[in-house]
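Before any comments, here is the structure.
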Amino acid sequence: MTTAPQTLDRAGIAKRIPHSGSMCLLDRLERWDAESIHCSTRTHAQPDNPLRTTGGLLVPNAIEYAAQAMALHGGLLAAEGSSPSAGFLASARSVRLSVARLDDIDGALQVQARRLSGDTHQILYEFAVSDSGARVLAEGRAVVVLNTPLATGAHAP
């Protein structure tokens, strides 16, 4: 019997979320449990970051970093040998942003999410993206909707 790993590198993360190549924004799974996940990354500093615009990597993109941590959390919670539920980010609420850009942040970003509630249809997470000194750069709550035609790519009848 195998169990989900406690830490993962970028390749291991990419195998467990629907994002691949440069769109896999997380470098490392630091730790997780049934309620929370903590990842780290330095992809925000890469000049070829796919979310970067001519204005830089703007801080609202921290929500995508958090969403990928939530997707990884769901994948880690899935029963051994099963596929995780397909989901999409339905809303982000109470979002607070404390900087304008992420690409000028030194060191690794710390991406954390904590499951507040959920069922087979939706999950509510709170999230925070911090710098290596624990300064919160972005935080809020997000709803992930599961197993819907939009999430699975199926067409509604």
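Per my numbering, the sequence shown starts with residue 1362, numbered consecutively. Beta carbons are placed, not taken as given, at the ideal position from N, Cα and C, and that holds for glycine.
Sort Arg1457, Arg1392, Val1460, Leu1433 by Cα distance to Gly1448 and report the nearest one. Here residue 1448 is taken as the residue at index 87 of the sequence shown, counted from 1. The candidate whose alpha carbon is nearest that of Gly1448 is Leu1433.
Under 6 Å Cβ to Cβ from Arg1502, same chain only, skipping five residues before and after it: list those, please. For the purposes of this step, residue 1502 is taken as residue 141 along the sequence shown, with counting starting at 1. Only Arg1454, Ser1455, Glu1487 meet the Cβ criterion.
Residues near Arg1371 in its chain [Cβ-Cβ closer than 6 Å; skip 5 each side]: Position 10 of the sequence shown, counted from the start, is the residue given in the question as residue 1371. Once the five neighbours on either side are set aside, the close Cβ partners of Arg1371 are Asp1388.
At which residue ranges does the stretch 1421-1496 contain complete beta strand (DSSP E) runs of 3 or more residues, listed in the order of the chain? 1448-1458, 1470-1479, 1483-1491
Could you compute how far the alpha carbon of Ile1484 sits from the alpha carbon of Ala1430? Working through the sequence shown from its first residue, we reach residue 1484 at position 123. Working through the sequence shown from its first residue, we reach residue 1430 at position 69. Going by the C-alpha atoms only, they are around 13 Å apart.
Which one of Ile1424, Pro1366, His1482 has the shortest CA to CA distance from Gln1473? The residue you call residue 1473 lines up with position 112 of the sequence shown. Of the listed residues, the one whose Cα sits closest to Gln1473 is Ile1424.
Spell out the partners DSSP gives Thr1415 in its beta bridges. Here the question's residue 1415 lines up with position 54 in the sequence shown. In DSSP, Thr1415 forms no bridge with anything.
Check this for me: beta carbons of Thr1415 and Leu1386, under 8 Å apart or not? For the purposes of this step, residue 1415 is identified with residue 54 of the sequence shown, where counting begins at 1. For the purposes of this step, residue 1386 is identified with residue 25 of the sequence shown, where counting begins at 1. Cβ atoms of Thr1415 and Leu1386: not closer than 8 Å.
In this structure, does DSSP put Val1505 in helix, strand or coil? Translated into positions along the sequence shown, residue 1505 becomes position 144. The answer is strand: DSSP assigns Val1505 an E or B state.
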